[in-house]
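For the sequence shown, this note's numbering assigns the number 70 to the initial residue and increments by one for each residue that follows. Don't be surprised by glycine CBs; every beta carbon is placed ideally from N, CA and C.
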Amino acid sequence: MIKGASMPTIVIATTLLAALLHATWNAMAKGAADKTLSMAGVIIGHLPYAILALLFVPLPDWACWPYLLGSLILHFGYQLFLLSAYRVGDLTQVYPVARGLAPMLVALVSVSVLNVVLGWVEVAAIGLIAAGLLSLGLVRGQSGARNPKAAILAAVTGCFIAAYSLVDGLGARVAGSAVGFYSLAAIGNAIVFAIFLHLRNPGVLGRLRHEGRFVFIFGGAASYIAYALVVWGFTQAPIALVTALRETSIVFALFFGVVFMKERLDLLKVCATFTTIVGAVLLRFAR
């Protein structure tokens, strides 16, 4: 167990790269009319990259199989609740709430259950990142649109994010091969999600070969690499710190939205983004 450790520079760099890649595939999916097709492209798009990775990395230790099963269940639950939240709520409301809640929950469990020791600077950094992200979720409310159902679904989604982050982090440590562990989990998740779609909405799989090809190839690659970097980071630094820094992806997503999608940038977004960035900077100097 990693206790009281700061984040090495290489972990900070790879986690920020993961955040950028995460924002990239979300930007790809954001404008899609069919969110189910986009998510299917990303999740099933993990398959070729995960299989390829297993040819070059050690297979995980058998002791990690309970964690793999837990990861599979939690990722699938996350995907179902995220889809449900997007059906009733806006991306700019759902995404920040879900991602902002996760770092606080991971930190709470890490300190209270896993006996991880975090310094006050690290706790402050996690709090600032979470506060910045959660405040972005209030933008819709400020404009007069309130959607409690979407907020509840987003909160449940955040709980799943926190849970799978902890399980994946602990599982990767037990496995002895972070990329091997995640690759097996990604393959299992892709198969389960494909079976789910075949039973519930079989037409999506057929459309994936043509309409969803771009997201399958590029979104799948960005998503797989992003989380593979994060899972590796879980084995090098406290899970709570890596989780918090990963969620700065919303800053990159906001940048893409303003610059490339011509979305409106208001004072609340600027303040929330600045708060998140300050939290990320604090993590760099935490000891």
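- Contact between Ala171 and Ile230 holds: their C-beta atoms lie close to 4 Å from each other, under 8 Å.
- Here the alpha carbon of Leu123 sits roughly 31 Å from the alpha carbon of Ala176.
- Within the same chain, Cβ atoms closer than 7 Å to the Cβ of Val299 are found at Thr84, Ala87, Val311, Arg315, the five residues on either side in sequence being excluded.
- At the C-beta level, Thr344 and Leu197 come within 9 Å of one another.
- Taking C-beta atoms under 8 Å as the contact rule, Leu152 and Gly281 fail to qualify, at a distance of about 15 Å.
- Look at the beta carbons and you see the region 106-116 touching the region 245-265: at least three pairs across the two are nearer than 8 Å.
- In this structure Phe303 is buried. Its beta-carbon is surrounded by 16 or more other beta-carbon atoms within 10 angstroms.
- Leu90 and Asn184 have their C-alpha atoms roughly 31 Å apart.
- Our two residues, Trp131 and Ala82, have alpha carbons roughly 30 Å apart in a direct line.
- With fewer than three CB-CB distances shorter than 8 Å, the region 266-273 does not count as touching the region 135-153.
- When the five nearest sequence neighbours on each side are left out, the beta carbons in the same chain lying within less than 6 Å of the beta carbon of Met97 are those of Val284, Gly288, in order along the chain.
- With 16 or more neighbouring CB atoms inside 10 Å of its own CB, Asp237 falls in the buried class.
- Nearest to Lys104 by alpha-carbon distance, out of Asn270, Pro135, Val180, Val182, is Asn270.
- Leu239 sits buried, since 16 or more C-beta atoms from the chains shown fall within 10 Å of its C-beta.
- Closest in C-alpha terms to Ala199, from the list Ala259, Tyr233, Val320, comes Val320.
- With respect to the C-alpha of Arg168, the residue from Arg278, Phe250, Pro127, Ala92 having the closest C-alpha is Ala92.
- Annotation: Pro307 to Ile346 spans about 19 Å, alpha carbon to alpha carbon.
- By a beta-carbon distance limit of 8 Å, Leu323 does not contact Ala194. Their separation comes to about 19 Å.
- In this structure, the alpha-carbon of Leu337 lies about 11 Å from that of Leu202.
- Runs of alpha helix (DSSP H) with 4 or more residues, each lying fully within the region 87-169, are found at 104-113, 115-123, 134-157, listed in chain order.
- Around the beta carbon of Val166, a 10 Å sphere encloses 16 or more other beta carbons of the protein chains shown; the residue is thus reported as buried.
- Of the residues Ser252, Ala241, Arg333, Gln305, the one whose Cα lies closest to the Cα of Cys133 is Ala241.
- Relative to Gly245, the option among Gly139, Phe125, Val180, Trp301 whose CA is nearest is Trp301.
- Inter-residue distance for Met76 and Gly348 is about 14 Å (C-alpha atoms, whole angstroms).
- Collapsing the DSSP output to three states places Asn258 in a helix.
- The residues Ala244, Gly245, Ser246, Gly249, Phe250, Leu253, in chain order, have a CB closer than 7 Å to that of Pro129 in the same chain once the five nearest residues on each side in sequence are set aside.
- Of the candidates Arg278, Asn95, Tyr233, Phe125, the residue whose Cα lies closest to the Cα of Tyr136 is Tyr233.
- The C-alpha of Gly139 is placed about 23 Å away from the C-alpha of Leu121.
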